[in-house]
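Colleague: Supplied in structure tokens, the structure appears directly below.
Residue numbers (the working numbering): 1 to 157.
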């Protein structure tokens, strides 16, 4: 028998989509929510994974994103600005900062650390940008995944 568990995480983050023509090309922020769902076989105590352990794996990622600007490495306007303001907290990623890409990136990051739990079979990551919009990705955990895309962080001292 398999079961699913889920835990929600929240953070505040700004971004922009330079390619967008309906407003999102401007700097703006969201109160993000990510729901991490795991499917697997419960252990002898009936747990798929301890929620504390799940938080231990997810929170370091969320803390890097919280109150940061998520900046595509290809966004020359913003990368130039942040080089001139090195005390601002910015996280550079090699993709446009859409909800879809953020969900995929989080799933790839987590799949690496979750691979140590052989009872887990599948991971879902749902990223809510607003109360009415989200993007979701699902990955099997029974196979090895490629290394997740890197990110670099600049933050105030």
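Every residue, glycine too, gets a C-beta built ideally from N, C-alpha and C.
Are the segment 12–24 and the segment 63–74 in contact at 8 Å, needing three or more beta carbon pairs?
Modeller: yes
Colleague: Assuming residue 32 contacts residue 128 (C-beta within less than 8 Å), just tell me the rounded distance between them.
Modeller: 7 Å
Colleague: So for residue 64, helix, strand or coil by DSSP?
Modeller: helix
Colleague: Kindly indicate the opening and closing residues of the alpha helix (DSSP H) around residue 103.
Modeller: Element bounds for residue 103: 99–114.
Colleague: Would you give the residue range spanned by the beta strand (DSSP E) that residue 37 belongs to?
Modeller: 28–40
Colleague: Measuring only the C-alpha atoms, how far is residue 80 from residue 141?
Modeller: Answer to the nearest angstrom: the Cα atoms are 38 Å apart.
Colleague: What residue from 43, 82 and 130 has the CA that sits closest to residue 99's CA?
Modeller: 130
Colleague: Taking the straight line between their C-alpha atoms, what separation do you get for residue 97 and residue 44?
Modeller: If I take the Cα positions, the gap works out to 41 Å.
Colleague: Starting from residue 4, follow the beta strand (DSSP E) in both directions and report where the run begins and ends.
Modeller: From DSSP, the beta strand (DSSP E) with residue 4 extends over 3–15.
Colleague: So what does residue 140 bridge to, in DSSP terms?
Modeller: 122
Colleague: Answer with yes or no whether the minimum CB distance from residue 53 to chain C is below 8 Å.
Modeller: Of the protein chains in this structure there is only one, and it is not chain C.
Colleague: Hey, out of 72, 119 and 110, whose CA is closest to residue 34's CA?
Modeller: 110
Colleague: Alpha carbons only, please: which of 139, 17, 134 and 28 is nearest the one belonging to residue 73?
Modeller: 17
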